[in-house]
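*Asks:* There's a structure below that I have some questions on.
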Amino acid sequence: MPQAGTTSPTLPPPQPDGLNPALARNIEALRERRRRDQEQAGLQTKLAGAVTAFTGSMTFVYVHLVILFGWIGVNAGFVHALPRFDPTFVILATAASVEAIFLSTFVLISQNRAAEAADRRADLDLQINLLSEHEVTRLITLTAEIAKKLGVGDRLDPALKELQRDVAPEAVLDELEDGQER
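Quick note, the sequence shown lines up with residues 1252 to 1433 if you use the numbering used here.
Okay, structure coming up:
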């Protein structure tokens, strides 16, 4: 390790100018898909999203704190300029209960939408992984044939034959499900 004040004989590796073009295209495609999905969402979905976004914000908390302390202040008699309208706080409790019902419904709606999006991403991941596995299997087969032509000895590796076989996703799922039943 070089001492303070000395320079290193090596240089850091060059940094890329930007993203790999394929990665940049994929990011843009995902952004476009998300934008299109938002545009195609129905009014109810957009409304639920807006309500959930607001109720999940600190602004919502601050508004509720002001209302709560104002309500308590007036009805506990601390604000003499306004008459008490809920001295037993029954109306406050009822309003809070009704609000809780609606808020929990909006949270469930948001969770359902998030679960649907996660399912779509999982399906995409699975398809890409299966395609990658298929491509790697083909590359192994091609490499084994090249090794055979060149007389390279690793082609006798017993694991190579197994690696040249395609994975049957339905068989893997069956095995996983059978393992859960045990």
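Positions of the beta carbon are idealized from the N, C-alpha and C atoms, including for glycine.
How would you call asparagine 1380, buried or exposed, if buried means at least 16 neighbouring beta carbons within 10 angstroms?
*Replies:* Asparagine 1380 should be labelled exposed.
*Asks:* Assuming contact is defined by CB atoms lying nearer than 8 Å, are threonine 1392 and glutamine 1362 in contact in what I supplied?
*Replies:* no
*Asks:* Roughly how many whole angstroms lie between the Cα atoms of threonine 1394 and glycine 1300?
*Replies:* 51 Å
*Asks:* Excluding five sequence neighbours on each side, which residues of the same chain lie with their C-beta closer than 7 Å to the C-beta of histidine 1385?
*Replies:* Asp1417
*Asks:* Kindly indicate which residue of Ile1397, Leu1354 and Asp1376 has the alpha-carbon position closest to the one of leucine 1238.
*Replies:* Summary: the structure shown does not reach residue 1238, with the chain confined to residues 1252 through 1433, and so no result is reported for it.
*Asks:* For leucine 1401, which of helix, strand or coil comes out of DSSP?
*Replies:* In this structure, leucine 1401 counts as helix in the three-state DSSP scheme.
*Asks:* Determine the contact status of valine 1317 and glycine 1324, defining contact as a CB-CB distance below 8 Å.
*Replies:* no
*Asks:* Classify asparagine 1271 as helix, strand or coil using the three-state DSSP reduction.
*Replies:* coil
*Asks:* On the DSSP letters alone, give me the boundaries of the alpha helix (DSSP H) that valine 1226 sits inside.
*Replies:* Outside the shown range of the chain (1252 to 1433) lies residue 1226, about which nothing can therefore be said.
*Asks:* What residue does the alpha helix (DSSP H) around valine 1330 start on, and which one ends it?
*Replies:* Where valine 1330 is concerned, there is no enclosing alpha helix (DSSP H), given that its DSSP letter is neither H nor E.
*Asks:* Of all the options Ile1352, Asp1337, Arg1371 and Lys1399, which has the alpha carbon lying nearest to the alpha carbon of leucine 1281?
*Replies:* Arg1371
*Asks:* To the nearest angstrom, report how far apart glutamine 1266 and isoleucine 1278 are at their CA atoms.
*Replies:* 20 Å
*Asks:* Applying the 10 Å Cβ sphere with the 16-neighbour rule, what's the burial state of asparagine 1326?
*Replies:* Under a 10 Å Cβ-count criterion, asparagine 1326 is classified as buried, with 16 or more other Cβ atoms of the shown protein chains found around its own Cβ.
*Asks:* Scan the region 1332–1387 and note each continuous beta strand (DSSP E) run of 3 residues or more that stays entirely inside, going in chain order.
*Replies:* For the beta strand (DSSP E) assignment, the region 1332–1387 encloses no uninterrupted run of at least 3 residues.
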